[in-house]
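The opening residue of the sequence shown carries number 22 in the numbering used here; numbering runs sequentially from there. What follows is one structure encoded as structure tokens, with my remarks underneath.
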Amino acid sequence: MGNSITINIDGKEIQTQEGEFILNAARANDIFIPAICYLTRCSPTLACRICLVEADGKQVYACNAKAKDGMNITTTTENIEKERRAIMEVYDVNHPLQCGVCDQSGECELQNYTLEMGVDSQSYAVKDVARVAKDWGHLHYDPGLCIVCERCVTACKDMIGDNSLKTVARGADALDAQYKAEMPKDAYAMWNKLNKSVIGLTSGEEMLDCTSCGECAAVCPVGALVDTQFMYKSNAWELEQVPATCGHCSAGCQITYEKKHTSIDNPEEKIYRVMNEWNYVSLCGAGRYGYDYQNADVTKDEVAFNNAVEAFKKADTIKFTSTITNEEALILEKLREKYGYKLVNNEAKAFQTFLQNYSEVSGKSLYSSDLKETMNSNFIISVGTAIKSDNPNARYSLNNSLTVNKGAALYFHPVSDPVVDGLSKNIMSIAHKPLQEEIALYLVLDLFADKEKLPKDVTKYLASFHSKKTVTVTETVKEKVVEIVKEMKLNEETGKEEEVEVEKSKMVPKKVSKEVEVDDNKLLALLDAPENFSETLEKFLKKKDSFSLVVGPDLYNHPNSKNLARLVALCEKYANFKVVMIPTLTNTLGVALINELSSEVGEYSIGYNTKGDFTLSALGDGDLDMPAMNQQEGTLTSINKRVNPTNAALGYNGYELADIARALGISSENTIDFTKELPTSKGFSAIAFDDLEDYYTNAGEEVRGYELANLEVKTSDEKVAEFDESLVLEGEIIYSVNPVRQFSEFTHKTTNLDEESGVYMSEEFLANSDFNAGDSVKVKNQNGEIVAKIVSDNKIAGSIVCIPSFDSKLNSEALFSGYRFATASIEKV
């Protein structure tokens, strides 16, 4: 975006950025311009044309026309009003009159704009064609209700990156020729396109094969695309909206739980769906469909509570996961300070240590960037994360950069990912071997760092990977060739044409081979980079000026995690990359900042949402019940370094952690009393829970909670270790990762998320092995063994076998000792 400029809309002078779309500039300043097809964060499609405005005397589309300094804009004229009215009449042609039973009724944009434009009669007609409703799995599509605004197609392409939807032929009769002459120009053009199209699947199959996020249904302005599980369940106006933060991964997405009573006979409240501010944030399938994980039918069991208090008095260790609020983490920290408990949370401890090692070089307590800045960058490198699964919003930011921002990217990861590869032709995947993440970061320094400013030992080490080699290259050159040709020429003496020989020269292409000396970069060979890596990268980097580095959980438990953390800091410091780290679970960042964590388990442990000698559980499988995240008030710290408020969607009648703390002398009436006590020394703010705001402005500014302060910290030297080339994994490789839409036992518990538990293998791997989907196999290594069924997964490729952790009964953690990759034998049972 360019410099700040001043434009005038309907007599109001406003400030915006040069190159901003007029529609976005108007929205940011609370000026209404109607629009149906346009989505903020996406490319304009010009499908609806209702956003017509007049700019400097010329009629333009506000969604597509860019603001210029001094521009004078009028949002409505007599001609524009005629166009808009005609467009809405066209949208209403043959639209079924079933508003009373339509799932979108009450929040339907077709209803709203029909009334807004004063459409009280119909001037147009065309013969309808059969448009049969389709069941696409988790979505239901009714083409009879579809206005072909293409928002679903745009969201799937520009926001999500699945590219699963497209427009297909409707098979309708052509419009009557007289309409072209009689109708307003834009209304006719819109109708002509609409009359030819409906929405279909890019795969050509009968069922959707995507990452099942449901964003297409969320953005649908009418009732054409509906989540199958919500069909005919409720009218929109009956649902109570509860603003919250998604509790499944570290993205911290804004969500709204929509709930009401279960039935006429059952007054107990039930969540019917989850919605989001889709102009500003996209949800994954877990956030949208994984909402019914509450710990239901719990009452206060005084015996169990007293047993819990006694267990705390006996215990020397508290084990817990990061699926807790900041306030609960602070309660545990206060208990540690008072009673000396060891607080054990291995994944948060690994992240905490990684962040501390990074800070020793960066001089900052937190990484420098967030996913919004990543989305707005135009060159991204991802290292150490299965980005599709670890944090879907990180993938969405990557995709948005590639599609809307015309960016490019390098994706370093051992597991080949067809979804990531399919985002854009401007992304290059490097499927390196496990344990080679350090080489990837050294390559980033080698390619992008200012060698004059890098520590001299690092520069010297990088130079050791370079040598000169002679290669034969073939070039096409043009060579002058003289030919003798015969031509007929007039003989002036005789006056007759005679055949004569004439010399003719021409340039002809010729291939010439020659030997040249080129740079041989051993880092590329170590990473098994494609042969055309250098040429492709050169093309990718043209006109790129904003760089982001995304790193993830593969690095935190890596045997050389300390070195990796320091390398990440050097990339940020000397290679001009903004860094984002993906916290492993829901509130890993919050826990890492709040708690003093230990790696040692004592003689007697309390487990919170994990097994201990005495277990507190929101999953209903412990010695004392606790509330699930959708039954709690509190805050969560996201990947974007924001402390976001979340609210209870459903009631809970049992005991909470605060009750135990109060019995142990940590006084508070409610868990949220601790919100204002979150440690300011770690970047939190002393703000009470009820004072936290939770909304987006029309300009897309996130006003949710607050952003952590990125504090100055003491630095050490900038030394990094050399890569140990002998560090390799030999044998069958397994990888600890969940399928898309699954993160933990809480997502596994939900009704609508039906991913199978098992050993995930790619279709490619199965085709080249003796295994088949559904076979029971034993996976065994020096750490342990599991027995599970094979699940065929077309969302991964290559030979690495993926082992999920969302089902505790699978006991996948028995196979891994920290680092997410391991070797194992796999045999049929």
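Positions of the beta carbon are idealized from the N, C-alpha and C atoms, including for glycine.
Backbone secondary structure at residue i - three-state DSSP
i	result
residue 806	strand
residue 717	strand
residue 168	coil
residue 663	strand
residue 655	strand
residue 324	helix
residue 155	strand
residue 509	strand
residue 439	helix
residue 36	strand
residue 308	helix
residue 24	coil
residue 402	strand
residue 762	coil
residue 285	coil
residue 121	coil
residue 545	helix
residue 684	helix
residue 112	helix
residue 562	coil
residue 97	coil
residue 82	strand
residue 738	coil
For residue i, the residue or residues it bridges with in DSSP
i	result
residue 341	629
residue 277	264, 296
residue 56	Looking at the DSSP assignment, residue 56 forms no beta bridge with any residue, so it has no partner.
residue 823	756, 781
residue 214	Note: residue 214 sits in no beta bridge, so no partner.
residue 62	DSSP, once it has assigned bridges, lists no residue as partnering residue 62.
residue 843	755
residue 539	490
residue 457	None, per the DSSP bridge assignment.
residue 528	501
residue 190	218
residue 727	664
residue 448	430
residue 143	Bridge partners of residue 143: none, in fact.
residue 67	In DSSP, residue 67 forms no bridge with anything.
residue 30	33, 94
Burial state of residue i, where buried means 16 or more other Cβ atoms lie within 10 Å
i	result
residue 607	buried
residue 538	exposed
residue 327	exposed
residue 47	buried
residue 253	exposed
residue 409	buried
residue 492	exposed
residue 737	exposed
residue 826	buried
residue 239	buried
residue 459	buried
residue 553	exposed
residue 53	exposed
> Within the chosen definition, does the segment 69–86 reach the segment 193–213 through at least 3 CB pairs nearer than 8 Å?
Replying inline: They touch, by the three-pair rule.
>> Three Cβ pairs or more, each shorter than 8 Å: is that satisfied between the segment 459–472 and the segment 585–605?
In response: Enough Cβ pairs lie closer than 8 Å, so yes.
> Quick check: the segment 680–691 against the segment 269–281, are there 3 or more CB pairs under 8 Å?
Replying inline: No, the segment 680–691 is not in contact with the segment 269–281.
> Counting Cβ pairs closer than 8 Å, one from the segment 592–607 and one from the segment 349–356, do we hit at least three?
Replying inline: Segments in contact, no.
> With a cut-off of 8 Å, do at least 3 Cβ pairs link the segment 111–122 to the segment 166–173?
Replying inline: Yes, the segment 111–122 touches the segment 166–173.
>> Taking 8 Å as the cut-off, does the segment 179–191 touch the segment 416–430 (at least 3 CB pairs, one atom from each stretch)?
In response: Segments in contact, yes.
>> Does the segment 749–768 come into contact with the segment 786–796, if we say contact requires no fewer than three beta-carbon pairs (one atom in each stretch) closer than 8 Å?
In response: Look at the beta carbons and you see the segment 749–768 not touching the segment 786–796: under three pairs across the two are nearer than 8 Å.
> Should the segment 557–568 be regarded as contacting the segment 422–432, the criterion being three or more beta carbon pairs within less than 8 Å?
Replying inline: Taking one beta carbon from each stretch, the segment 557–568 and the segment 422–432 have 3 or more pairs nearer than 8 Å; the two touch.
>> Which runs of the beta strand (DSSP E) at least 3 residues long sit entirely within the segment 352–439? Give them in chain order.
In response: Given a length threshold of 3 residues, each whole run of the beta strand (DSSP E) inside the segment 352–439 is given here in chain order: 363–365, 400–404, 429–433.
>> Would the segment 256–270 count as touching the segment 191–198 if we require 3 or more Cβ pairs under 8 Å?
In response: Too few Cβ pairs lie closer than 8 Å, so no.
> Would you call the segment 366–376 and the segment 647–655 in contact, with 3 or more CB pairs under 8 Å?
Replying inline: Touching, no.
> Is the segment 803–812 touching the segment 780–788, taking contact as three or more C-beta pairs under 8 Å?
Replying inline: In short, these stretches touch, since the Cβ pair count reaches three.
> Quick one: complete alpha helix (DSSP H) runs, 4+ long, within the segment 591–650?
Replying inline: DSSP runs (the alpha helix (DSSP H)) wholly in the segment 591–650: 609–615.
>> Three Cβ pairs or more, each shorter than 8 Å: is that satisfied between the segment 236–250 and the segment 121–137?
In response: Counting C-beta pairs with one atom in each stretch, the segment 236–250 and the segment 121–137 have three or more that are closer than 8 Å, which means they touch.
> So, do the segment 520–538 and the segment 497–507 have three or more beta carbon pairs nearer to each other than 8 Å?
Replying inline: These segments touch.
> Hey, is the segment 36–45 in contact with the segment 84–95, meaning 3+ C-beta pairs nearer than 8 Å?
Replying inline: With a cut-off of 8 Å, the segment 84–95 and the segment 36–45 count as touching, because enough Cβ pairs lie within range.
> Three or more beta-carbon pairs under 8 Å between the segment 705–714 and the segment 660–672, yes or no?
Replying inline: Taking 8 Å as the limit for Cβ pairs, the verdict is that the segment 660–672 does touch the segment 705–714.
>> Pairs of beta-carbons, one from the segment 632–646 and one from the segment 332–339, closer than 8 Å: are there three or more?
In response: Taking 8 Å as the limit for Cβ pairs, the verdict is that the segment 332–339 does touch the segment 632–646.
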